[in-house]
Amino acid sequence: MLDPKRLRRVTVLHQDDALLVVNKPPGLAVHEGAGTGNDLLSVLKDAGSPKLWLAHRLDKATSGIVVCCKSAELTKQVQGRWSEAIKRYRALVKGKPQPQALQSTLLAHAGRGKDAHSVIETVAPSVDPACSWVTLRLGTGRKHQLRLQLA
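Residues in the sequence shown are numbered consecutively from 273, following our numbering.
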């Protein structure tokens, strides 16, 4: 059982024998990078979780749901079907964009372009009249895709 006092700002949304689903706060990397222990997997381990494998990742600055598997075999199965999952994000953006399809070519590490598809589904006003809340549906999962397309 996970110790809630050691979870910091991580919220457990679902837990069973196979999966652990959490809400990751912004500012927390999902896996160890600089060896600081200040990452999602380290926080979960410190709270008493058994060995976990990430089914997917979110950027450090992004908050949202992260699916962790309790076996390497299940991780491969979930990752193999991940493209079938519907991924929606909420973002606060400057301006008032129209609902639309966003398509672009994003450069990969080797300098080759990869197609990227997203859709702005809804737009709602924010407290700041110069900004809007948008709901985005991710069609592909390229590195920093939504940030680059919205910029």
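Don't be surprised by glycine CBs; every beta carbon is placed ideally from N, CA and C.
Looking at the secondary structure, which residues open and close the alpha helix (DSSP H) in which residue i lies?
{"i": "A344", "result": "344–353"}
{"i": "K277", "result": "Unbroken run through K277: none, as it is neither H nor E."}
{"i": "L418", "result": "417–422"}
{"i": "L324", "result": "Counting along the chain, L324 falls outside any alpha helix (DSSP H), and DSSP gives it neither H nor E."}
{"i": "V315", "result": "312–318"}
In chain order, what residues of the same chain have a beta carbon less than 6 Å from the beta carbon of residue i, not counting five sequence neighbours either side?
{"i": "V315", "result": "R280, V282"}
{"i": "Q375", "result": "H389"}
{"i": "H286", "result": "V293"}
{"i": "L410", "result": "K359, S390"}
Quick one: what's got a C-beta closer than 7 Å to residue i's C-beta in the same chain, skipping five residues either side?
{"i": "P397", "result": "S404"}
{"i": "P298", "result": "A333, T334, S335"}
{"i": "A357", "result": "none"}
Cα separation between residue i and residue j?
{"i": "N295", "j": "V399", "result": "25 Å"}
{"i": "L274", "j": "Q370", "result": "43 Å"}
{"i": "V284", "j": "D318", "result": "14 Å"}
{"i": "D331", "j": "A301", "result": "7 Å"}
{"i": "D289", "j": "K368", "result": "44 Å"}
{"i": "A380", "j": "K366", "result": "26 Å"}
{"i": "T412", "j": "Q351", "result": "14 Å"}
{"i": "L422", "j": "V338", "result": "23 Å"}
{"i": "L418", "j": "G383", "result": "19 Å"}
{"i": "G305", "j": "V406", "result": "31 Å"}
Let me check you understand the geometry: is the CB of residue i closer than 7 Å to at least one non-hydrogen atom of the ligand COA?
{"i": "A319", "result": "The model depicted lacks the ligand COA and carries no ligand whatsoever."}
Let me check understanding here. Comparing Cα to Cα, which of the options lies closest to residue i?
{"i": "L420", "options": "E304, A363, K323", "result": "A363"}
{"i": "V408", "options": "A373, G352, L312, P297", "result": "Correcting the residue type first, residue 408 is Leu in the shown sequence and not Val. Measuring from the Cα of L408, the nearest candidate turns out to be A373."}
{"i": "S355", "options": "A344, R414, S321, G305", "result": "R414"}
{"i": "S343", "options": "T394, E304, K323", "result": "K323"}
Can you tell me where the beta strand (DSSP E) with residue i in it begins and where it stops?
{"i": "K359", "result": "359–366"}
{"i": "V338", "result": "336–341"}
{"i": "S376", "result": "372–379"}
{"i": "S398", "result": "No beta strand (DSSP E) contains S398, which DSSP labels as neither H nor E."}
{"i": "K332", "result": "That residue, K332, is in no beta strand (DSSP E); it is neither H nor E in DSSP."}
Leaving out the 5 sequence neighbours to the left and right, which residues in its chain are closer than 8 Å to residue i when beta-carbon positions are compared?
{"i": "T347", "result": "W325, L326, A327, C341"}
Assign residue i to one of two classes, buried (16 or more other C-beta atoms within 10 Å of its C-beta) or exposed (fewer than that).
{"i": "I392", "result": "buried"}
{"i": "R353", "result": "exposed"}
{"i": "D482", "result": "With the chain covering only 273 through 423, there is no way to say anything about residue 482."}
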